Ligand SMILES: Cc1cc2nc3c(=O)[nH]c(=O)nc-3n(C[C@H](O)[C@H](O)[C@H](O)COP(=O)(O)OP(=O)(O)OC[C@H]3O[C@@H](n4cnc5c(N)ncnc54)[C@H](O)[C@@H]3O)c2cc1C
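Numbering (the UniProt record's numbering), first residue to last: 1 to 436.
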């Protein structure tokens, strides 16, 4: 173990299970102090993931007095622990969205995600943050019956959405690019790629602090309310009085704010890392990341140093499975039988915030108090960009966030009492269909 690994590898997020391989390999994860007492700010931000930190960075750069609090450490939610895959577009395919929203709005939402991709890459390169970007993405089909949908998606993206980077892969090409014959076909996307998520998070937090944002960890928001025209956040370390508030808690919202909680549901997702696979050059020789067509999506890639990082095995309750490693190893074995007994060196999980139509949630939940989240598994690029757009909006510019406002995301049915139970039933049903 290198000295730099030992600095951070023992930190266990109190809100997400397991110590991630990212945590163990990020060279320096600064800790920020707890809020020293009550304060005022132009803008107060609750949540130190990509959304909140990008908002903080851009607001501070634009001259606003910003205070950001996180209940734990920045990156303890999804942003420091995800699969690192950019993907392309929103979580719902552009041609699916087109059927519901019409072409023009579907195109604008797609373009927004392309802007997000560029924004993250430019941000990292402008600040010298080594996010370990590796190009290439393979989306592979586990059921033959989906082949026509995949073929027509490739055509639609090139012909109607102006995205020429997709190509359809038959069985043979899919097998050779994956190093596995488990899937029937796939799509290769040369216009996207994957990153080391914690390196982005740490670099972003440092830039936000350098720009003058006040970052406080171990400071939990307990209540957000309006008092005499200002927004007041009661926290575990005093109150923050601000003109505006951004709630950027996403899937970790808990009972802080009921509108967000009824529109953004948490799903637990888990990842395992193997040792460096020196004996398996046939696995992902092109270095692409992979996601599959299962509803309980499996997503995997090799790290820059050659480990397999394999995600899957969702859970729809707050409970964590007792043994993440053996579940992940079982899924790896189905795709790569040669890795049947592979060691899982790190296993961890986190909560993904999903919405009913799998499009982001953006809403002013009370005057001056905005909540953003629900990127539905496509948040690596979108959350960064939405945080930036929120800052632009607060500083007075019109932004693409209006597109999200117009989506009018519906609440999950069932009310506070039955929502989780209904979601559990619905998702379990879809998960069952993966096997049929
Ligand atoms: C296992 C996993 C794999 C994923 N894989 C991918 C992927 O490959 N590609 C992709 O695009 N997306 C992926 N995602 C989703 C992506 O990581 C998220 O969409 C994105 O990171 C959301 O960022 P955020 O800032 O909105 O929320 P988060 O990063 O979750 O941050 C929310 C923060 O709010 C804080 N908080 C909550 N309540 C309070 C409170 N009361 N007071 C103060 N602070 C509070 C939390 O401590 C947390 O730090 C994955 C997610 C997970 C969990």
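Virtual Cβ for every residue (Gly too), placed ideally from N, Cα, C.
None of these values were measured; they are calculated from a predicted model.
Simplified DSSP state of residue 221, which is helix, strand or coil: Walking along the chain shown from the start, residue 221 turns up at place 221. The answer is strand: DSSP assigns residue 221 an E or B state.
Closest residue to residue 379 among 240, 360, 141 and 107 (Cα-Cα distance): Position 379 of the chain shown, counted from the first residue, corresponds to residue 379. The residue with the shortest Cα to Cα distance from residue 379 is 360.
Residue 197 Cβ short of 8 Å to ligand 1 heavy atom set: Position 197 of the chain shown, counted from the start, is the residue given in the question as residue 197. Indeed, a heavy atom of ligand 1 lies less than 8 Å from the Cβ.
Terminal residues of the alpha helix (DSSP H) in which residue 520 lies: One cannot answer for residue 520 here, as it falls past the ends of the chain, which runs 1 to 436.
Residue 303 CB to nearest heavy atom of ligand 1 below 8 Å: Here the question's residue 303 lines up with position 303 in the chain shown. Answer for residue 303: no, Cβ out of range of ligand 1.
Residue 128 burial status per 10 Å Cβ neighbour count (16 or more: buried): Counting from one through the chain shown, the residue named residue 128 turns up at place 128. Its Cβ having fewer than 16 others within 10 Å, residue 128 is exposed.
Residue 260 in three-state terms, based on DSSP: Locating residue 260 in the chain shown gives position 260, where the first residue counts as 1. Three-state DSSP puts residue 260 in a helix.
Integer Cβ distance of residue 251 from residue 232, believed to fall under 8 Å: Start at 1 with the first residue of the chain shown, and residue 251 comes out as number 251. Start at 1 with the first residue of the chain shown, and residue 232 comes out as number 232. Going by Cβ atoms, the distance from residue 251 to residue 232 rounds to 25 Å, so no, they are not a contact pair.
Spatial distance of residue 353 from residue 266 (CA atoms): Residue numbering aside, residue 353 sits at position 353 when the chain shown is read from its first letter. Residue numbering aside, residue 266 sits at position 266 when the chain shown is read from its first letter. Answer to the nearest angstrom: the Cα atoms are 5 Å apart.
Touching by the beta-carbon criterion (3+ pairs, under 8 Å), the region 171–186 and the region 135–154: yes
Sequence-distant residues of its chain with Cβ nearer than 6 Å to residue 420 (five each side left out): On the chain shown, residue 420 is found 420 positions in, with the first residue counted as 1. Result list for residue 420: empty, nothing under 6 Å.
Helix, strand or coil at residue 346 according to DSSP, with G and I counted as helix: On the chain shown, residue 346 is found 346 positions in, with the first residue counted as 1. Three-state DSSP puts residue 346 in a strand.
Of the residues 218, 92 and 401, the one placed nearest residue 364, counting alpha carbons only: Numbered from 1 along the chain shown, position 364 holds the residue referred to as residue 364. Selected option, being the one with the closest Cα: 401.
Buried/exposed call for residue 185, threshold 16 Cβ in 10 Å: As a first step, residue 185 is located in the chain shown; it is residue number 185 there, counting from the start. Looking at its Cβ environment, which holds 16 or more other Cβ atoms inside 10 Å, residue 185 is buried.
When 123, 11, 218 and 20 are compared against residue 274, the one with the closest alpha-carbon: Against the chain shown, residue 274 aligns to sequence position 274. Closest in C-alpha terms to residue 274, from the list 123, 11, 218 and 20, comes 20.
Terminal residues of the alpha helix (DSSP H) in which residue 158 lies: One-based indexing of the chain shown puts residue 158 at position 158. Run containing residue 158: 147–159, per the alpha helix (DSSP H) assignment.
Length-filtered (4 minimum) alpha helix (DSSP H) runs lying within the region 236–282: 258–263
Between the CA atoms of residue 111 and residue 408 - distance to the nearest angstrom: Here residue 408 is taken as the residue at index 408 of the chain shown, counted from 1. Here residue 111 is taken as the residue at index 111 of the chain shown, counted from 1. Whole-angstrom Cα-Cα distance: 19 Å.
Short Cβ contact (9 Å threshold) for residue 15 with residue 248: Position 15 of the chain shown holds residue 15. Position 248 of the chain shown holds residue 248. Cβ atoms of residue 15 and residue 248: not closer than 9 Å.
Separation of residue 239 from residue 67, as counted between CA atoms: On the chain shown, position 67 is the one that residue 67 refers to. On the chain shown, position 239 is the one that residue 239 refers to. Each residue's alpha carbon lies about 11 Å from the other.
Same chain, Cβ closer than 6 Å to residue 218, five either side skipped, listed in chain order: Counting from one through the chain shown, the residue named residue 218 turns up at place 218. Contacts found: 34.
Residue span of the alpha helix (DSSP H) that contains residue 333, given as start and end: Stepping through the chain shown from its first residue, residue 333 is reached at position 333. Taken as a continuous stretch (DSSP letters only), the alpha helix (DSSP H) holding residue 333 covers 324–335.
Sheet register partners of residue 214 (DSSP bridge): Locating residue 214 in the chain shown gives position 214, counting from the first residue. Beta-bridge pairing links residue 214 to 67.
Cβ contact check for the region 376–393 and the region 113–126: 3 or more pairs under 8 Å: yes
Residue 323 versus 300, 348, 303 and 342, residue with shortest Cα-Cα distance: Here residue 323 refers to the residue found at position 323 of the chain shown. When the alpha-carbon of residue 323 is set against those of 300, 348, 303 and 342, the nearest one is in 348.
Residue 22 vs residue 89 beta-carbon contact at 9 Å: Numbered from its first residue, the chain shown carries residue 22 at position 22. Numbered from its first residue, the chain shown carries residue 89 at position 89. In this structure, residue 89 does not lie closer than 9 Å to residue 22 by Cβ.
Inter-residue Cα distance where the pair is residue 394 and residue 328: Looking up residue 394 in the chain shown gives position 394. Looking up residue 328 in the chain shown gives position 328. CA-to-CA, the gap between residue 394 and residue 328 works out to about 42 Å.
Residues bridged to residue 234 [DSSP beta-bridge criterion]: Along the chain shown, one-based indexing puts residue 234 at 234. Partner(s): 223 and 239.
Pairwise C-alpha distance: residue 117 and residue 131: As a position in the chain shown, residue 131 is number 131, starting the count at 1. As a position in the chain shown, residue 117 is number 117, starting the count at 1. CA-to-CA, the gap between residue 131 and residue 117 works out to about 13 Å.
Cβ distance (whole Å) where residue 383 is taken to contact residue 358 below 8 Å: Looking up residue 383 in the chain shown gives position 383. Looking up residue 358 in the chain shown gives position 358. Not confirmed; about 15 Å, so no contact.
Uninterrupted beta strand (DSSP E) stretches inside the region 366–408 (no shorter than 3 residues): 369–373
Buried versus exposed, by CB contacts within 10 Å (16 or more), residue 18: Translated into positions along the chain shown, residue 18 becomes position 18. Looking at its Cβ environment, which holds 16 or more other Cβ atoms inside 10 Å, residue 18 is buried.
Cβ-based neighbour list, residue 196, same chain, cut-off 7 Å, excluding 5 preceding and 5 following: By 1-based counting over the chain shown, the position of residue 196 is 196. Closer than 7 Å at the Cβ level, and outside the excluded window around residue 196, lie 22, 84, 131 and 132.
Span separating the alpha-carbon of residue 12 from that of residue 28: Indexing the chain shown from 1 puts residue 12 at position 12. Indexing the chain shown from 1 puts residue 28 at position 28. Each residue's alpha carbon lies about 15 Å from the other.
With 16 other Cβ atoms within 10 Å as the buried cut-off, status of residue 268: In the chain shown, counting from the first residue as 1, residue 268 sits at position 268. Buried, by the Cβ-count rule.
Contact with chain D by residue 123, beta-carbon distance below 9 Å: The structure shown contains no chain D, having only a single protein chain.
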